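Protein chains in written order, with the working numbering: chain Z, 504 to 616; chain R, 181 to 291.
Don't be surprised by glycine CBs; every beta carbon is placed ideally from N, CA and C.
Source: prediction; values computed, not measured.
This is the structure:
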């Protein structure tokens with residue numbers, strides 16, 4: 504199993520550009536989520552999905568869109584990049600149920616100029 | 181709202197020193213509690229967890245006990261190694277699968 508994979512590993516954008524961060528998992532997990540990691544702030548939830556066709560907002564959803572057309576894939580779209588979106592982005596997945604471990608991808612480091 | 185507060189770092193220790201990283205939480209209901217570790221350039225990995233009061237999670241010499249009376253889940257290790265240098269995150273998981281993380285504590289262990 505590859506686990507949770509993310510692409511790209513690094514990305515530089517100019518303000519106003521759009522892009523999609525890819526995330527895939529091969530563990531048949533129902534629950535997938537996107538976090539951003541900023542210094543001194545831990546991980547903050549952007550969007551999550553409890554299954555194909557179902558998505559919801561987390562703590563910091565503004566400026567991001569998601570969709571979940573398959574169990575495996577959960578892309579994150581930046582509609583019009585802003586410098587405030589410079590961060591490290593992590594995708595994660597888990598089976599539903601209290602106490603279940605969340606598996607993380609290796610992260611995407613995004614810089615918006 | 182539900183949240184996690186963990187001790188701010190960075191923490192610098194000598195090899196074989198005792199480690200404590202404090203973590204307290206605020207939650208409605210009865211969350212599950214986790215410690216995750218992040219090595220440089222990598223994603224987060226589960227270190228240990230506890231799902232109910234008085235449970236003790238342990239792994240790789242690290243331990244943490246779920247204390248409902250003090251709403252705490254402090255991470256401890258009796259003798260740290262250089263290879264333990266990483267960022268440690270305390271987290272809680274709620275009934276709706278949402279997971280909340282602390283700010284992270286950077287640990288550096290010197291030989």
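DSSP-derived helix/strand/coil call for residue i
i: residue 525 of chain Z; result: strand
i: residue 540 of chain Z; result: strand
i: residue 572 of chain Z; result: coil
i: residue 183 of chain R; result: strand
i: residue 507 of chain Z; result: strand
i: residue 587 of chain Z; result: helix
i: residue 615 of chain Z; result: strand
i: residue 262 of chain R; result: helix
i: residue 546 of chain Z; result: strand
i: residue 579 of chain Z; result: strand
8 Å Cβ cut-off: residues of chain R touching residue i
i: residue 610 of chain Z; result: 222 and 223
Closer than 9 Å at the beta carbon, the chain Z residues around residue i
i: residue 231 of chain R; result: 601 and 602
i: residue 212 of chain R; result: 601, 602 and 603
Range of the contiguous beta strand (DSSP E) that encloses residue i
i: residue 560 of chain Z; result: 557–560
i: residue 266 of chain R; result: 266–273
i: residue 216 of chain R; result: 212–218
i: residue 202 of chain R; result: Careful: residue 202 of chain R lies outside any beta strand (DSSP E) and carries neither H nor E.
i: residue 230 of chain R; result: 224–230
i: residue 285 of chain R; result: 285–290
i: residue 279 of chain R; result: 279–281
i: residue 194 of chain R; result: 191–194
Under 7 Å from the C-beta of residue i: neighbouring residues of chain R
i: residue 545 of chain Z; result: 269, 281, 282, 283 and 284
Interface residues of chain Z facing residue i [CB-CB closer than 8 Å]
i: residue 182 of chain R; result: Ordered by position in chain Z, no residue passes the 8 Å Cβ test against residue 182 of chain R, which lies about 11 Å from the chain.
i: residue 278 of chain R; result: 548, 551 and 561
Proximal chain Z residues relative to residue i, where beta-carbon distance stays under 7 Å
i: residue 226 of chain R; result: 604
i: residue 273 of chain R; result: 601 and 602
Quiz item: Looking at C-beta atoms only, is the number of pairs between the stretch 566–577 of chain Z and the stretch 515–529 of chain Z that lie closer than 8 Å three or more?
Solution: Verdict: yes, contact present.
Exercise. Taking only beta carbons into account, state which residues of the stretch 576–608 of chain Z come closer than 7 Å to chain R, listed in chain order.
Key: The stretch 576–608 of chain Z vs chain R, Cβ under 7 Å: 593, 599, 601, 602, 604, 605, 607 and 608.
Exercise. Evaluate the contact criterion for the stretch 506–523 of chain Z versus the stretch 538–545 of chain Z: three or more CB pairs, one atom per stretch, below 8 Å.
Key: Contact between the stretch 506–523 of chain Z and the stretch 538–545 of chain Z is not established, with fewer than three Cβ pairs separated by less than 8 Å.
Exercise. Evaluate the contact criterion for the stretch 232–239 of chain R versus the stretch 273–287 of chain R: three or more CB pairs, one atom per stretch, below 8 Å.
Key: A contact between stretches requires three or more CB pairs, one per stretch, nearer than 8 Å, and the stretch 232–239 of chain R fails this requirement with the stretch 273–287 of chain R.
Exercise. Take every Cβ of the stretch 253–270 of chain R, pair it with every Cβ of the stretch 217–224 of chain R, and state whether three or more of those distances are shorter than 8 Å.
Key: The answer is yes - the stretch 217–224 of chain R touches the stretch 253–270 of chain R, with three or more Cβ pairs under 8 Å.
Exercise. Tell me, please, whether the stretch 239–253 of chain R touches the stretch 222–231 of chain R by the rule of three or more beta-carbon pairs shorter than 8 Å.
Key: The stretch 239–253 of chain R, when compared against the stretch 222–231 of chain R, does touch it at the 8 Å Cβ threshold.
Quiz item: Should the stretch 506–522 of chain Z be regarded as contacting the stretch 584–591 of chain Z, the criterion being three or more beta carbon pairs within less than 8 Å?
Solution: With a cut-off of 8 Å on Cβ pairs, the stretch 506–522 of chain Z is in contact with the stretch 584–591 of chain Z, counting three or more such pairs.
Exercise. Indicate whether the contact test is met: 3 or more Cβ pairs, each with one atom in the stretch 550–559 of chain Z and one in the stretch 603–615 of chain Z, closer than 8 Å.
Key: Contact between the stretch 550–559 of chain Z and the stretch 603–615 of chain Z is absent: fewer than three C-beta pairs spanning the two stretches fall below 8 Å.
Exercise. Report yes or no: do three or more beta-carbon pairs, one from the stretch 590–597 of chain Z and one from the stretch 242–260 of chain R, lie closer than 8 Å?
Key: Judged by pairs of C-beta atoms under 8 Å, the stretch 590–597 of chain Z does not touch the stretch 242–260 of chain R, as fewer than three such pairs exist.
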